[in-house]
Amino acid sequence: MKKKLPMTKKLPMNRRTALTALFAGASAPLLAACSSGITSLDGDGSGGDTGSSSGGLTIGTANFTENQILGYLYAGVLKAAGIKTTVKPNLGSREIIVPALKGGDIDLLPEYQGSLLLYLDKNAKDTEAGAMQNALAAVLPASLEVLPYAIAEDRDSFAVTRETAEKYGLKTLADLTKANGKLVFGAAAEMQKRVVGVVGLKDVYGVEFKEFKALDSSGPLVKGALKKGDVDVANVFTTDVDVAANKWVVLEDPKSLVPAQHIVPLIAARKADGKVRKALARLGNVLTTSELTELNRLVDQDKKDPDRVADAWLKKNGLVSA
Amino acid sequence: MLELLKNLASWLTSGPQWSGNAGIAHRLVEHLEYSLLATLVAAAIALPIGMLIGHTGRGAFVAVNLASFGRALPTVGLVTLVFLAGGLSKWPVYISLVALAVPVIITNTYAGMAAVDPDIKDAAKGVGLRGHQVLWQVELPLALPLIMTGIRLATVQVIATATIAAYVSFGGLGRYVYDGLAQRDLVQVLGGAALVAVLAVAADLALGGVQRLLLRGRPASAR
Numbered sequence: 002m003k004k005k006l007p008m009t010k011k012l013p014m015n016r017r018t019a020l021t022a023l024f025a026g027a028s029a030p031l032l033a034a035c036s037s038g039i040t041s042l043d044g045d046g047s048g049g050d051t052g053s054s055s056g057g058l059t060i061g062t063a064n065f066t067e068n069q070i071l072g073y074l075y076a077g078v079l080k081a082a083g084i085k086t087t088v089k090p091n092l093g094s095r096e097i098i099v100p101a102l103k104g105g106d107i108d109l110l111p112e113y114q115g116s117l118l119l120y121l122d123k124n125a126k127d128t129e130a131g132a133m134q135n136a137l138a139a140v141l142p143a144s145l146e147v148l149p150y151a152i153a154e155d156r157d158s159f160a161v162t163r164e165t166a167e168k169y170g171l172k173t174l175a176d177l178t179k180a181n182g183k184l185v186f187g188a189a190a191e192m193q194k195r196v197v198g199v200v201g202l203k204d205v206y207g208v209e210f211k212e213f214k215a216l217d218s219s220g221p222l223v224k225g226a227l228k229k230g231d232v233d234v235a236n237v238f239t240t241d242v243d244v245a246a247n248k249w250v251v252l253e254d255p256k257s258l259v260p261a262q263h264i265v266p267l268i269a270a271r272k273a274d275g276k277v278r279k280a281l282a283r284l285g286n287v288l289t290t291s292e293l294t295e296l297n298r299l300v301d302q303d304k305k306d307p308d309r310v311a312d313a314w315l316k317k318n319g320l321v322s323a
Numbered sequence: 066m067l068e069l070l071k072n073l074a075s076w077l078t079s080g081p082q083w084s085g086n087a088g089i090a091h092r093l094v095e096h097l098e099y100s101l102l103a104t105l106v107a108a109a110i111a112l113p114i115g116m117l118i119g120h121t122g123r124g125a126f127v128a129v130n131l132a133s134f135g136r137a138l139p140t141v142g143l144v145t146l147v148f149l150a151g152g153l154s155k156w157p158v159y160i161s162l163v164a165l166a167v168p169v170i171i172t173n174t175y176a177g178m179a180a181v182d183p184d185i186k187d188a189a190k191g192v193g194l195r196g197h198q199v200l201w202q203v204e205l206p207l208a209l210p211l212i213m214t215g216i217r218l219a220t221v222q223v224i225a226t227a228t229i230a231a232y233v234s235f236g237g238l239g240r241y242v243y244d245g246l247a248q249r250d251l252v253q254v255l256g257g258a259a260l261v262a263v264l265a266v267a268a269d270l271a272l273g274g275v276q277r278l279l280l281r282g283r284p285a286s287a288r
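As they're listed, the protein sequences go chains A and B.
Just so it is clear: in the first sequence, position 64 is 65 by this note's numbering, and no numbers are missing.
Just so it is clear: in the second sequence, position 160 is 225 by this note's numbering, and no numbers are missing.
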């Protein structure tokens, strides 16, 4: 069990949750192998070409589907702008990739506002997208920069089945008070002590659950339990394909309890020239949350390759020439 | 590092940490409950099977290979599978822990019985013992050291793996490991892991004591 220590994760990063954590011991040598690979392929990773993308960009991604798709989308639009790119998918969790970015082994990373901010500053309080962007700029070292955030967002949300929603008349998180003391809440263990979880739901909305069940975040356990009725309220991600497939009702969050998690490019400042900024901004303004969900579905359910899925979507939306 | 050990020591020794439903005492009892029940059920399944194939010599190939296959089953996978099929209950925990313990006990019981010298069995039959008498009075006593080793191994494995209960929302010492990881509380993780390790070693020593008691008076070579 001690092997799991290095793999503590946050929010959307823990998509593969405890399963990944348990196999962390097995994958550690693999990750080590990956990072040495990056260094050798990156060539001039030491920062020789300041503020220019002419030397090409290495894009890293975390170890879950959506982040890989985003990495390939970034690569696609940059390539179309005439920039040489290399994608290094599946590098691991934020605890591994962000240091790799700081060290110059990779140059660009698809990130999520809220999770990244909490990773950089444990006590961050901002939950609104614009304020978070400023907070991020303030806590990042000078060598790193976040570019404007995308429309698409992969946020923690709280869902109930349609039957439960109808039975108690649930539309927003505030409505959960109508069923105070009656509902069982299933989520990852951290939600029991977090503001985005039991604590915040009580303080901000006055919600009290009958019981908390520590399962996983939007993983097979919590979704299986919601499907079977073993839990009534479940923590799911907004880009999870199973939400729509099961017609679950995602409860609205009028008081912005859950921090915004818009997708945001985290880039080495020395590579962020005008061409890169323009290409990534254009992608961010076109890709929506539901489209990203659909791309996730194509990879997770239809078992298509993430690079092909990304390429096809870019062509369809005119972001790269067909 | 020193700071961490200091924090760990104060975590383990603070009074409030031991009391209440989330306290160490209660978690310890839960952990023992999962482990003991699973090991007992596993023994009840595995001992008769091991004895039967050891005694008759039939089905050994199938049983030993099935047991090896069982050993290769990933426990987390099994828990998830049973959870998805059966829903939120303790069944996934118990089924996977029993599945973990059964192969070890079967193979050790069988190996112990198979190692009994055929000449001794022939001699037992020669002096007029019936089949079941040979089993209970000759084969089992001679196989006992290996059988006990199997049960000891299974118990230690089950105690170490019962942390899995926390993976599907239940208690036990695994709660500290899972919650600590989720909350980035390294001290809690280490505390939980240390308690599991101590419990496993203690159980092994206790069963070792039982084993010595059972085999009292035998020459050292037959323990």
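Cβ atoms here follow ideal geometry from the backbone N, Cα and C, with glycine treated the same way.
- Excluding its 5 nearest sequence neighbours in each direction, Asp-241 of chain A has C-beta neighbours in its own chain below 6 Å: Ser-219, listed in chain order.
- Look at Pro-100 of chain A: its C-beta is not under 9 Å from any C-beta on chain B.
- Within chain B, the residues Phe-148 and Leu-149 have their CB atoms less than 7 Å from the CB of Gly-225 of chain A, given in chain order.
- As the crow flies, the alpha-carbon of Arg-309 of chain A is around 11 Å from that of Gln-69 of chain A.
- Assigned with DSSP and collapsed to three states, Gly-319 of chain A falls in coil, not helix or strand.
- Val-140 of chain A is classed as exposed because its beta carbon has fewer than 16 other beta carbons within 10 Å across all chains shown.
- Counting other Cβ atoms within 10 Å of its Cβ, Phe-134 of chain B stays below 16 and is therefore classed as exposed.
- Here Gly-187 of chain A is near Leu-227 of chain A, since their CB atoms are less than 9 Å apart.
- Interface flag for Ala-164 of chain B against chain A is unset, since no Cβ pair is found closer than 9 Å.
- Check the Cα spacing between Lys-248 of chain A and each of A:Lys-224, A:His-263, A:Glu-112 and A:Ile-84: the tightest is with A:Lys-224.
- Runs of beta strand (DSSP E) with 3 or more residues, each lying fully within the segment 222-287 of chain A, are found at 234-238 and 264-269, listed in chain order.
- The Cβ of Ala-231 of chain B sits closer than 9 Å to at least one Cβ of chain A.
- Check the Cα spacing between Leu-288 of chain A and each of A:Tyr-75, A:Gly-57, A:Asp-157 and A:Val-200: the tightest is with A:Tyr-75.
- If you compare the alpha carbons of B:His-96, B:Gln-248 and B:Leu-105 with that of Val-261 of chain B, the shortest gap goes to B:His-96.
- A distance below 9 Å separates the beta carbons of Ala-128 of chain B and Tyr-175 of chain B.
- Beta-bridge partners of Val-208 of chain A (DSSP): none assigned.
- Closest in C-alpha terms to Val-181 of chain B, from the list B:Leu-200, B:Arg-281, B:Ala-166 and B:Val-169, comes B:Leu-200.
- Contact annotation: the segment 152-165 of chain A does not touch the segment 201-212 of chain B, with fewer than three C-beta pairs closer than 8 Å.
- DSSP, read as helix, strand or coil, puts Tyr-113 of chain A in strand.
- Among the residues of the segment 249-269 of chain A, none has a Cβ less than 7 Å away from any Cβ of chain B.
- Residue contact check for Ala-282 of chain A against chain B: no CB pair falls below 9 Å.
- In the three-state reduction of the DSSP assignment, Ser-158 of chain A falls in the strand class.
- Think of a sphere of 7 Å around the beta carbon of Ala-189 of chain A: the chain B residues whose beta carbon falls inside it are Ala-247, in chain order.
- His-197 of chain B counts as exposed, since fewer than 16 other C-beta atoms from the protein chains shown sit within 10 angstroms of its C-beta.
- Within the DSSP secondary-structure output, Glu-129 of chain A pairs in no beta bridge.
- Contact with chain A is found for Arg-240 of chain B, since one of that chain's Cβ atoms lies less than 9 Å from the residue's Cβ.
- In the DSSP assignment, Gly-61 of chain A falls outside any alpha helix (DSSP H) and within the unbroken beta strand (DSSP E) covering 58-61.
- Taking Ala-175 of chain A as the centre and dropping the five residues before and after it, the same chain places the C-beta of Tyr-206 closer than 6 Å to its C-beta, in chain order.
- Annotated as proximal: Gly-236 of chain B and Arg-92 of chain B, with beta-carbon spacing under 9 Å.
- Rounded to whole angstroms, the gap between the alpha carbons of Pro-168 of chain B and Val-106 of chain B is 13 Å.
- Close CB contacts of Asn-64 of chain A within its chain, under the 6 Å cut and outside five residues either way in sequence, are with Asn-91 and Gly-93 (chain order).
- Sequence-distant partners of Lys-179 of chain A (beyond 5 residues in either direction) whose C-beta falls short of 7 Å from its own C-beta, in its chain, are Tyr-169 and Gly-170.
- Contact check for Val-242 of chain B and Val-223 of chain B: beta-carbon distance about 16 Å, past the 8 Å limit, so the pair fails to qualify.
- Separation of Trp-156 of chain B and Asp-233 of chain A (C-alpha to C-alpha, rounded to the nearest whole angstrom) is 20 Å.
- Secondary-structure assignment with DSSP links Phe-65 of chain A through no beta bridge to anything.
- Rounded to whole angstroms, Leu-258 of chain A and Gly-201 of chain A show a C-alpha spacing of 7 Å.
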